[in-house]
Every structure is written in C-alpha cells, then in structure tokens.
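First comes the structure, then the notes that go with it.
In our numbering, the protein residues as written are 1 to 344.
Following this line, the structure appears as structure tokens:
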C-alpha cells in the first residue's frame, strides 16, 4: 500500500499535479482574475467609452472581448497550473461552458479539475492529439453540469440575503447592501449578475454601488505602495478580484475596504440619497466607471448635491477611509508590506 502511494505521488509530481491550497486558491485564482480583466472587464471599459463617444467599432470590440470571458479565465487558470499546450488550448471550450453554467466560480472549479486531469493523461498514449483534449473538455464540461446548479443556488441564496437587507431602513440597508455586494464584487462570483437578477435599483442600487466602489478604489489606494499607478488602474477601473489570491494568504487585508463600504453605504443612502438607475451597473463599481454612470442615469440626478455625493462615495471617501482604517492594522502587523502585491 505504501509503495503504491509513493508511486502515485511520484507520478503526480512527474505530471506537475500539486494538490495544495496555494496552487488552487492563490495561484489559480490570481491568474483567473487576470483572465477576467483581459476579457470582461477591459470589454466593459471599451463599451463605456464607445457609448459616450458613439464609436460603433469600439462597441463591437467590447462585445467580442466580454464574450471571451469564460475561455480567458479557463486558459489563465491552466497557465497558472502549468498545463501543457494541448490541455491549455482545450480549456477554451471548458471555460465557455463553465462560465455559462456557473459563472467565474464555476469556471474556477471546472478549469482546475479539467486542467489537472488533462495533465495526467497528456502524452501518455500514442494518440495524445485525441485523448488529451477529449479528457480535458469532457471532464470540464461534465463538472460544469454538476457544479452549475450548486453555484446557481449559492447565487440565489446570496441574492436572498441582499433582498432581505433592502427592506431595512435606509441606514441599516445602506450598511448591509454595501458590504454584501462589495464582498460579492471581490469574490469570484458575479456581483453584476446578482444585482441584475434582483433588479437592484433605487437607493439599494446606490448602496450596492457604494460598496463596490469601496472595494475597488479602497484596494487600489491601499496597495499603492506595492503596485503603484498600474495597480490604481487595474483595481480602480478593473476589479478588486485581483486581490483574491492575497486575501486567501491574509484575509485581514479585506477588512479595511469592507469597513469603508460599511461607512460609504449609509452616506450614499441617508446623506445624499444616491440612486442607481441601471440594475447591472449597481454591481459594477468603478469598473469602466459603469457604477457611477448608472447613478448619473437615475431620475433626479443632476444637482450639485448629487455630483458631490457621487464623487465622495465613489472615489474620495474610499480612497481616504481605507488607508486610514488600515493604519492600526499595519502597526500591529496584521497587514505587512508586500501583502497586497500583484503580479502586474
């Protein structure tokens, strides 16, 4: 028995299969966030510019980029797992199906399994050109059909919690919705899809936008010493999901932007009465400035108070509050230099 176990470990090592938390929840998730940025998020930025400048070819480009989100995430995961070329290319199909059925979280799970199984059979037969893509694609899409309903249930449950929060008074609703949707934005699930499915507009949409902006701008400013201006752009206009690998390493780095969201949420709902007029924009934050644009699209927006509130809630307060909240965390060693470093 022991000999068989040693033989299995030696085989997995030879195939480059390392079953570790670091490999799957840090390396793979961090790389997946890059794939998401290079497809859906950059497409969202293109689309925002195209809408404002009314440039059709850029709008078409945005559509192509966003439609490639699933394959881009899956290939990025395979890259992090050091998948050989044939496995890597086969992951395109896995990503397309898994993202369709289970979103980013489903893609993460399915691409990991498909990549590892593909690596195991890679170059083990004389008909590798048939075996490797077959095993990779079938295992990934079979897993997608199994994982999809579970991810959908998770999304529905999370959405139910958010909907329950929306019936609270504006102060408590502002805190709960801002924190919950902000957390969803940073997790490998789709906050935009949740907000769209719930029809999250009005004050609840404003609170959701505040939470998303707090995560994105907060992490961008908090990590400036490690990531510089590239980090400001990647996180502030892209996604705070880029920090998920670092959050797995040190969950305490998530506390400052989340507390900032708990402050900016009620500021948005109680002080400035900010509303978001587009449900999907409520879960986008400052990604391509879609969240603020959704607030600008709401009925009644346009007076001086609205503009001041939007700037404060979306950018100024998260940029100030997050590093201030982090000061004692750095002093007691909960957050150290390098904890927020991204591979940009």
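Glycine is no exception: its CB is placed at the ideal position from the N, C-alpha and C atoms. From a predicted model like this one, the values you see are computed outputs, not experimental measurements.
Does the distance from the C-beta atom of residue 362 to that of residue 181 stay below 8 Å?
One cannot answer for residue 362 here, as it falls past the ends of the chain, which runs 1 to 344.
Confirm, please, whether the CB-CB distance from residue 275 to residue 203 is below 8 Å.
Counting from 1 along the chain shown, the entry for residue 203 is found at position 203. Counting from 1 along the chain shown, the entry for residue 275 is found at position 275. In this structure, residue 275 lies closer than 8 Å to residue 203 by Cβ.
Taking DSSP as the reference, what is the three-state secondary structure of residue 169?
Your numbering for residue 169 matches position 169 in the chain shown. Three-state DSSP puts residue 169 in coil, outside helix and strand.
Would you check if the distance between the CB atom of residue 109 and the CB atom of residue 158 is smaller than 8 Å?
Along the chain shown, one-based indexing puts residue 109 at 109. Along the chain shown, one-based indexing puts residue 158 at 158. In this structure, residue 158 does not lie closer than 8 Å to residue 109 by Cβ.
Grab me the residues of residue 30's own chain with a C-beta within less than 6 Å of its C-beta, minus the 5 sequence neighbours each way, in chain order.
Translated into the one-based positions of the chain shown, residue 30 becomes position 30. If we look at residue 30 and ignore the five residues flanking it on each side, its Cβ neighbours are 245.
Assign residue 45 to one of two classes, buried (16 or more other C-beta atoms within 10 Å of its C-beta) or exposed (fewer than that).
Locating residue 45 in the chain shown gives position 45, counting from the first residue. Residue 45 comes out buried.
Enumerate in chain order the residues of its own chain whose CB-to-CB distance from residue 226 is below 6 Å, with the five nearest sequence positions on each side excluded.
For the purposes of this step, residue 226 is taken as residue 226 along the chain shown, with counting starting at 1. If we look at residue 226 and ignore the five residues flanking it on each side, its Cβ neighbours are 340, 341.
Quick check: the Cα distance between residue 134 and residue 47, rounded to an integer number of angstroms?
Residue 134 sits at position 134 when you count from the first residue of the chain shown. Residue 47 sits at position 47 when you count from the first residue of the chain shown. Cα-Cα distance, rounded: 36 Å.
Buried or exposed, going by whether 16 or more other CB atoms sit within 10 Å of the CB of residue 278?
Indexing the chain shown from 1 puts residue 278 at position 278. Per the 10 Å Cβ criterion, buried.
Relative to the C-alpha of residue 241, which candidate in 36, 101, 316, 130 has its C-alpha closest?
Taking the first residue of the chain shown as position 1, residue 241 is located at position 241. Nearest C-alpha to residue 241: 36.
Cβ atoms of residue 231 and residue 214: under 8 Å apart, would you say?
In the chain shown, the residue the question calls residue 214 occupies position 214. In the chain shown, the residue the question calls residue 231 occupies position 231. Contact: no.
Between 50, 327, 38, 269, which has its C-alpha nearest residue 167's C-alpha?
The count along the chain shown starts at 1 and reaches residue 167 at position 167. Checked all of 50, 327, 38, 269; the closest Cα to residue 167 is 269.
Just to confirm the assignment: which complete beta strand (DSSP E) runs, minimum length 3, are found wholly within the region 60-87?
If we require 3 residues or more, the region 60-87 turns out to have no beta strand (DSSP E) run fully inside it.
Helix, strand or coil for residue 227, going by three-state DSSP, please let me know.
Reading the chain shown from its first residue, position 227 is the one you call residue 227. Reduced to three states, the DSSP call for residue 227 is helix.
Would you say the region 161-177 touches the region 120-133, given that touching needs at least three Cβ pairs under 8 Å?
Touching, no.
Considering Cα atoms alone, identify which of 10, 311, 73 is closest to residue 264.
Within the chain shown, numbered from 1, the residue matching residue 264 stands at position 264. The residue with the shortest Cα to Cα distance from residue 264 is 311.
Work out the CA separation of residue 26 and residue 106 for me, nearest whole Å.
As a working mapping, residue 106 is identified with position 106 in the chain shown. As a working mapping, residue 26 is identified with position 26 in the chain shown. C-alpha separation (whole angstroms): 16 Å.
Mind checking who residue 202 pairs with in its DSSP beta bridge?
In the chain shown, counting from the first residue as 1, residue 202 sits at position 202. Its beta-bridge partners are 276.
Determine the burial state of residue 53: buried for a count of at least 16 other Cβ atoms within 10 Å of its Cβ, exposed for fewer.
Start at 1 with the first residue of the chain shown, and residue 53 comes out as number 53. Classification for residue 53: exposed.
For residue 145, count neighbouring C-beta atoms within 10 Å of its own C-beta (all shown protein chains included) and say buried if the count is 16 or more, exposed if not.
As a position in the chain shown, residue 145 is number 145, starting the count at 1. So residue 145 ends up on the exposed side.
Go ahead and label residue 118 buried or exposed: buried means 16 or more other beta carbons lie within 10 angstroms of its beta carbon, across all protein chains shown.
As a first step, residue 118 must be located in the chain shown, where it is residue number 118. Classification for residue 118: buried.
Cα separation between residue 345 and residue 307?
The question about residue 345 has no answer here: the residues shown for the chain are numbered 1 through 344.
Report back the beta-carbon spacing between residue 320 and residue 329 to the nearest angstrom; my notes put them in contact at under 8 Å.
Sequence index remark: in the chain shown, residue 320 carries index 320 (1-based). Sequence index remark: in the chain shown, residue 329 carries index 329 (1-based). Actually they do not touch by this definition, with Cβ atoms about 16 Å apart.
Inspect the beta-carbon positions of residue 288 and residue 237 and report whether they are closer than 8 Å.
Residue mapping note: residue 288 aligns to position 288 of the chain shown, counting from 1. Residue mapping note: residue 237 aligns to position 237 of the chain shown, counting from 1. Yes, these two residues count as a Cβ contact at 8 Å.
So, is residue 258 buried or exposed, given that buried needs 16 or more other C-beta atoms within 10 angstroms?
Counting from 1 along the chain shown, the entry for residue 258 is found at position 258. It is buried - the Cβ of residue 258 has at least 16 other Cβ atoms within 10 Å.
If residue 183 and residue 17 are in contact, beta carbons under 8 Å, what's the gap, nearest whole angstrom?
As a position in the chain shown, residue 183 is number 183, starting the count at 1. As a position in the chain shown, residue 17 is number 17, starting the count at 1. Going by Cβ atoms, the distance from residue 183 to residue 17 rounds to 32 Å, so no, they are not a contact pair.
Relative to the C-alpha of residue 148, which candidate in 136, 295, 97 has its C-alpha closest?
Taking the chain shown and counting its residues from 1, one reaches residue 148 at position 148. Checking every option, the nearest Cα to that of residue 148 belongs to 97.
So residue 337 is in the alpha helix (DSSP H); what residue range does that whole segment cover?
Taking the chain shown and counting its residues from 1, the one referred to as residue 337 is at position 337. Element bounds for residue 337: n/a, residue is neither H nor E.
Assuming residue 295 and residue 206 form a contact by the criterion Cβ under 8 Å, report the distance between their Cβ atoms to the nearest whole angstrom.
Here residue 295 is taken as the residue at index 295 of the chain shown, counted from 1. Here residue 206 is taken as the residue at index 206 of the chain shown, counted from 1. About 6 Å; that satisfies the 8 Å criterion.
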